[in-house]
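**Q** Mapped onto the numbering used here, the consecutive letters of the sequence shown carry residue numbers 1150 to 1304.
Ideal Cβ positions, reconstructed from N, Cα and C, are used throughout, including at glycine.
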Amino acid sequence: MSTELAIIAIQHVLRELLTGPMGHGNWVLDREDGGIIGALRQLPSATASSRVGEVNSIAAHAAHLCYALQLLNRWAGGEENPFATANWPGSWEQQEVTSDEWRELLDELKQQGNQWLAAVGEPREWDEISLTGAVASAAHLAYHLGAIKQLAATR
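Okay, structure coming up:
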């Protein structure tokens, strides 16, 4: 399989996880699923901010994903290794959001997701680490989409 085909496949899965299945079929989600963005947009800020015990809120999952996508976009933009100084614990600090903060967070998440999706499709020299990172980004989104859906079901 060529790297070009692998990138196309990764883009299909990333797009589906971010916004739901497109006309070419579904690979991961049910046809009517709206992906991470659709799932989060259905929730009011109060629901996104609610916590059960010490479990991270849905808002924290969204903020964490946004941070991860920002790092990926910095890397895709030419920064050598933004992950080396990443503050992963800090990416979970925002547990509660107001209505305005929630809208802003979701807009930023969508923008970062679309930017990463476009960056994956840009011509570049892919090596084992970068291609594995692109695949892992889809797995990371899928994991958090599942966690978000489980948390939302308990609210």
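Please state whether DSSP places residue 1174 in a helix, a strand or coil.
**A** Numbered from 1 along the sequence shown, position 25 holds the residue referred to as residue 1174. Strand at residue 1174.
**Q** Taking 9 angstroms as the threshold (C-beta atoms), are residue 1284 and residue 1159 in contact?
**A** The residue labelled residue 1159 in the question sits at position 10 within the sequence shown. The residue labelled residue 1284 in the question sits at position 135 within the sequence shown. Closer than 9 angstroms, so yes.
**Q** Can the beta-carbon of residue 1301 be found closer than 9 angstroms to that of residue 1192?
**A** If you number the sequence shown from 1, residue 1301 lands on position 152. If you number the sequence shown from 1, residue 1192 lands on position 43. Yes, Cβ-Cβ distance for residue 1301 and residue 1192 is below 9 angstroms.
**Q** Does the beta carbon of residue 1249 come closer than 9 angstroms to any beta carbon on chain D?
**A** This model lacks chain D altogether; it includes just one protein chain.
**Q** With C-beta atoms as the reference, is residue 1290 less than 9 angstroms away from residue 1189?
**A** In the sequence shown, counting from the first residue as 1, residue 1290 sits at position 141. In the sequence shown, counting from the first residue as 1, residue 1189 sits at position 40. Their beta carbons are not under 9 angstroms apart, which means residue 1290 does not touch residue 1189 by this criterion.
**Q** Work out the CA separation of residue 1165 and residue 1174 for me, nearest whole Å.
**A** Here the question's residue 1174 lines up with position 25 in the sequence shown. Here the question's residue 1165 lines up with position 16 in the sequence shown. Each residue's alpha carbon lies about 9 angstroms from the other.
**Q** So what does DSSP say about residue 1260, is it helix, strand or coil?
**A** Within the sequence shown, the letter at position 111 stands for residue 1260. Three-state result, residue 1260: helix.
**Q** What is the rounded straight-line gap between the Cα of residue 1287 and the Cα of residue 1211?
**A** Here residue 1287 corresponds to residue number 138 of the sequence shown, with the count starting at 1. Here residue 1211 corresponds to residue number 62 of the sequence shown, with the count starting at 1. Cα-Cα distance, rounded: 15 angstroms.
**Q** Alpha carbon to alpha carbon, how far is residue 1213 from residue 1239? Give it in angstroms, no decimals.
**A** Stepping through the sequence shown from its first residue, residue 1239 is reached at position 90. Stepping through the sequence shown from its first residue, residue 1213 is reached at position 64. Between residue 1239 and residue 1213, the C-alpha separation is close to 8 angstroms.
**Q** Closest by CA to residue 1293, which one among 1161, 1275, 1274 and 1208?
**A** Your numbering for residue 1293 matches position 144 in the sequence shown. Out of 1161, 1275, 1274 and 1208, 1208 has the C-alpha closest to the C-alpha of residue 1293.
**Q** In the DSSP assignment, the alpha helix (DSSP H) including residue 1230 goes from what residue to what residue?
**A** Your numbering for residue 1230 matches position 81 in the sequence shown. Note, residue 1230: premise wrong, no alpha helix (DSSP H); not H, not E.
**Q** Could you tell me the boundaries of the alpha helix (DSSP H) in which residue 1160 lies?
**A** Position 11 of the sequence shown holds residue 1160. Counting along the chain, the alpha helix (DSSP H) containing residue 1160 begins and ends at 1152 to 1168.
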